[in-house]
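Accompanying notes for the structure given below.
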Amino acid sequence: MRLQGSKILVTGCAGFIGSHMVDALLAKGCEVVGVDNLSAGKREFMERALATGRFQFHQTDLLSGRLKEHLGGVDVVFHFAANPDVRQGPNNTRVHMEQNIEATYLVLEAMRAASVRSICFPSTSTVYGEPGQIPTEEGYGPLIPISIYGASKLACEALICSYAHTFDMDAAIYRFANVVGSRSTHNVVHDFIRKLREEPNRLEILGAAPGTNKSYVHVSDCTKAMMIGAERAQEQVAIYNIGSLDRLNVQGIADIVVKEMGLPDVRYDWTGGVKGGRGWVGDVKEMLLDIKKLQAIGWNPMMGSEAAMRQAVREILAAGKAH
Ligand SMILES: NC(=O)c1ccc[n+]([C@@H]2O[C@H](COP(=O)([O-])OP(=O)(O)OC[C@H]3O[C@@H](n4cnc5c(N)ncnc54)[C@H](O)[C@@H]3O)[C@@H](O)[C@H]2O)c1
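Here it is as structure tokens:
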């Protein structure tokens, strides 16, 4: 898949990872068209992109079925728009069906109608469920997601594979570990910072000590991995894990947030969690991805989980001070 000099459409371009991808593609010399309904995304995340003069933004809801209007001359679609919140699944079983599965179907249909042949899709480590092999390779199976979010992203992967083979498209599918960095708006770091601002001596933590143990990757490493994976793909549908080489537990995250906020004396109150100490229903307890496939084609994460988390906490705290 060729990116340099191409015209690329990014859905979810005002969101956390999508907005960083837009910046990375513009830095590579691409012309970029962005689509977002601004349900979670923010205009301010696109300021840098809009200033280049090579980025066009359309406020469009994918479920309106109007994406085709923006696909003229587009070579590649990066489809980030989704509802990424695992926690919503048990309370609202429809949201991931519509925002993830149906939206992806409509993206593929619009691409088919406009003869756009290449798609890059951010999937998730949650498609593996609770695998018997850690680190988990891309070829691991069977895939048994334990969250409705994970199931919806696996359904999207399947749709993309079937469209690629039926309509002669090519695809890069990326299974992300937890991605952290500036412009994120909903994750454990935000939860901890908000709670500590309200109560600087005590932190309520969902789950049982020391919490889930997962891999974190910085968004700057993630966007580089996506571009290398797309450009150097050897298969019609290339599936890649993106993560770091190590993991961090929730206690480690709390320690980083407390230290970076300069709080001297914080007591951790663990809630005990649900279903054997998970933070919430559908929360996977152990996650580390095997990233040898991307390493073999020239990508390596610059940061491990702890460094990525520390960097992200600093970026989020600095952005909070700026507003
Ligand atoms: N953040 C992570 O750690 C992580 C991990 C694995 C996979 N992912 C995937 O990466 C992608 C981006 O995640 P994120 O964390 O940046 O989320 P985000 O919520 O910040 O970004 C999603 C963007 O999509 C937009 N959007 C949602 N529904 C839309 C619709 N119907 N039409 C148009 N726009 C719509 C939102 O306004 C938002 O700007 C998602 O597909 C998510 O599933 C994220």
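Position 107 of the sequence shown, counted from 1, bears residue number 169 in the working numbering, the numbering being contiguous throughout.
All C-beta atoms in this analysis are idealised placements derived from N, C-alpha and C, irrespective of residue type, glycine included.
Subject >> Residue environment, Met-390, which counts as buried when at least 16 other CB atoms sit within 10 Å >> reply: Outside the shown range of the chain, which is 63 to 385, sits residue 390, and nothing can be said about it.
Original post:
Among the residues of its own chain, which have a CB less than 7 Å from the CB of Lys-44, if the five just before and after it don't count?
Top reply: Given that the chain is displayed from residue 63 to residue 385, the structure contains no residue 44 and the question cannot be resolved.
**OP:** State buried or exposed for His-248, treating a residue as buried only when at least 16 other CB atoms are found within 10 Å of its CB.
**Re:** Here residue 248 is taken as the residue at index 186 of the sequence shown, counted from 1. Exposed, by the Cβ-count rule.
Original post:
In the structure shown, what three-state DSSP assignment does Gly-337 receive?
Top reply: To locate residue 337, count along the sequence shown from 1; it is residue 275. As written in the sequence, residue 337 is Lys, which differs from the Gly given in the question. Of the three classes helix, strand and coil, the one that applies to Lys-337 here is coil, per DSSP.
Original post:
Which first and last residues belong to the beta strand (DSSP E) in which Thr-122 is found?
Top reply: On the sequence shown, residue 122 is found 60 positions in, with the first residue counted as 1. Boundaries for Thr-122: no beta strand (DSSP E) harbours it, and the DSSP string shows neither H nor E there.
Original post:
Among Ile-301, Glu-297, Ile-235 and Trp-361, which has the Cα closest to the Cα of Ile-290?
Top reply: In the sequence shown, the residue the question calls residue 290 occupies position 228. The candidate whose alpha carbon is nearest that of Ile-290 is Trp-361.
Original post:
Is the beta carbon of Phe-78 within less than 7 Å of some heavy atom of ligand 1?
Top reply: Sequence index remark: in the sequence shown, residue 78 carries index 16 (1-based). Phe-78 Cβ: within cutoff of ligand 1.
Subject >> Straight-line Cα distance separating Leu-168 from His-385 >> reply: Position 323 of the sequence shown, counted from the first residue, corresponds to residue 385. Position 106 of the sequence shown, counted from the first residue, corresponds to residue 168. Because His-385 sits at a pLDDT of 49, beneath the cut-off of 50, its placement in the model cannot be relied upon, and the following sentence gives the value as read from the coordinates. Rounded to whole angstroms, His-385 to Leu-168 spans 36 Å at the Cα level.
Original post:
Under three-state DSSP, which class holds His-385?
Top reply: Counted from its first residue, the sequence shown places residue 385 at position 323. Because His-385 carries a pLDDT of 49, less than 50, the predicted location of this residue cannot be relied on, and no value is offered for it.
**OP:** Give the straight-line distance between the Cα atoms of Gly-341 and Ile-301, rounded to the nearest whole angstrom.
**Re:** Within the sequence shown, residue 341 is the residue found at index 279, counting from 1. Within the sequence shown, residue 301 is the residue found at index 239, counting from 1. Cα to Cα, the separation comes out at about 29 Å.
Original post:
Quick one: what's got a C-beta closer than 7 Å to Ala-270's C-beta in the same chain, skipping five residues either side?
Top reply: Walking along the sequence shown from the start, residue 270 turns up at place 208. Excluding residues within five positions, the ones whose Cβ falls inside 7 Å are Trp-332, Gly-334, Gly-335 and Gly-339.
Subject >> Option in Phe-183, Lys-130, Glu-164 and Arg-110 with minimal Cα separation from Ala-172 >> reply: Stepping through the sequence shown from its first residue, residue 172 is reached at position 110. Out of Phe-183, Lys-130, Glu-164 and Arg-110, Lys-130 has the C-alpha closest to the C-alpha of Ala-172.
**OP:** Please name the residue, chosen from Cys-75, Glu-219, Val-299 and Val-241, that lies closest to Asp-230 on a Cα-to-Cα basis.
**Re:** For the purposes of this step, residue 230 is taken as the residue at position 168 of the sequence shown. Asp-230 has its Cα closest to that of Val-299, out of Cys-75, Glu-219, Val-299 and Val-241.
Original post:
For Ile-378, which of helix, strand or coil comes out of DSSP?
Top reply: The count along the sequence shown starts at 1 and reaches residue 378 at position 316. Here Ile-378 sits in helix by DSSP.
Subject >> Endpoints, beta strand (DSSP E) assigned at Thr-73 >> reply: Mapped onto the sequence shown, residue 73 falls at position 11. Counting along the chain, Thr-73 sits inside the beta strand (DSSP E) bounded by residues 69-73.
**OP:** Give the DSSP-derived three-state secondary structure of His-132 in the structure shown.
**Re:** To locate residue 132, count along the sequence shown from 1; it is residue 70. His-132 falls in the helix class under three-state DSSP.
Original post:
Within the present structure, is the beta-carbon of Lys-215 separated from the nearest heavy atom of ligand 1 by less than 7 Å?
Top reply: Reading the sequence shown from its first residue, position 153 is the one you call residue 215. Yes, Cβ of Lys-215 sits closer than 7 Å to a heavy atom of ligand 1.
Original post:
Taking the alpha-carbon positions, what's the Asp-345 to Glu-192 distance?
Top reply: Here residue 345 corresponds to residue number 283 of the sequence shown, with the count starting at 1. Here residue 192 corresponds to residue number 130 of the sequence shown, with the count starting at 1. The alpha-carbon atoms of Asp-345 and Glu-192 are separated by roughly 10 Å.
Original post:
Across which residues does DSSP place Tyr-278 in a beta bridge pair?
Top reply: Translated into positions along the sequence shown, residue 278 becomes position 216. Paired residues: Asn-240.
Original post:
If you run the structure through DSSP and keep just helix, strand and coil, what is Cys-92?
Top reply: Position 30 of the sequence shown, counted from the start, is the residue given in the question as residue 92. Here Cys-92 sits in coil by DSSP.
Original post:
What's the gap between the Cα of Thr-188 and the Cα of Gly-212?
Top reply: If you number the sequence shown from 1, residue 188 lands on position 126. If you number the sequence shown from 1, residue 212 lands on position 150. Cα to Cα, Thr-188 sits roughly 5 Å from Gly-212.
Original post:
Can the beta-carbon of Phe-107 be found less than 8 Å from the beta-carbon of Ser-81?
Top reply: Residue 107 sits at position 45 when you count from the first residue of the sequence shown. Residue 81 sits at position 19 when you count from the first residue of the sequence shown. Against a cut-off of 8 Å, the Cβ pair of Ser-81 and Phe-107 comes out as a contact.
Original post:
Should Pro-184 be listed as close to ligand 1, given that the test is whether its C-beta is under 7 Å from any heavy atom?
Top reply: The residue labelled residue 184 in the question sits at position 122 within the sequence shown. Pro-184: yes, Cβ under 7 Å from ligand 1.
**OP:** From the DSSP output, read off the bridge partner residues of Cys-182.
**Re:** Counting from 1 along the sequence shown, the entry for residue 182 is found at position 120. Secondary-structure assignment with DSSP links Cys-182 through a beta bridge to Phe-140 and Ala-234.
Original post:
Looking at the unbroken beta strand (DSSP E) that takes in Val-328, where does it start and where does it end?
Top reply: Here residue 328 corresponds to residue number 266 of the sequence shown, with the count starting at 1. Going by DSSP, Val-328 is part of no beta strand (DSSP E) at all; its letter is neither H nor E.
Original post:
When every heavy atom of ligand 1 is checked, does at least one fall within less than 7 Å of the C-beta of Gly-96?
Top reply: Here residue 96 is taken as the residue at index 34 of the sequence shown, counted from 1. No; taking the cut-off as 7 Å, the Cβ of Gly-96 has no heavy atom of ligand 1 nearer than that.
**OP:** Look at Leu-133 and Ala-111 and say whether their C-beta atoms are less than 8 Å apart.
**Re:** As a first step, residue 133 is located in the sequence shown; it is residue number 71 there, counting from the start. As a first step, residue 111 is located in the sequence shown; it is residue number 49 there, counting from the start. It is not a contact, given that the beta carbons lie outside the stated cut-off.
**OP:** May I ask whether a heavy atom of ligand 1 can be found less than 7 Å away from the beta carbon of Ser-177?
**Re:** On the sequence shown, residue 177 is found 115 positions in, with the first residue counted as 1. Ser-177 Cβ: outside cutoff for every heavy atom of ligand 1.
Original post:
Smallest Cα separation from Val-241: which of Ala-234, Lys-90 and Ser-282?
Top reply: Looking up residue 241 in the sequence shown gives position 179. The residue with the shortest Cα to Cα distance from Val-241 is Ser-282.
Original post:
Tell me which same chain residues have a C-beta within less than 7 Å of the C-beta of Ile-359, skipping the five on either side of it?
Top reply: On the sequence shown, residue 359 is found 297 positions in, with the first residue counted as 1. Once the five neighbours on either side are set aside, the close Cβ partners of Ile-359 are Ile-290 and Arg-294.
Original post:
For Gly-310, which beta-bridge partners are listed by DSSP?
Top reply: Counting from one through the sequence shown, the residue named residue 310 turns up at place 248. Checking the sequence shown, residue 310 turns out to be Leu, not Gly. BP columns for Leu-310 point to Lys-276.
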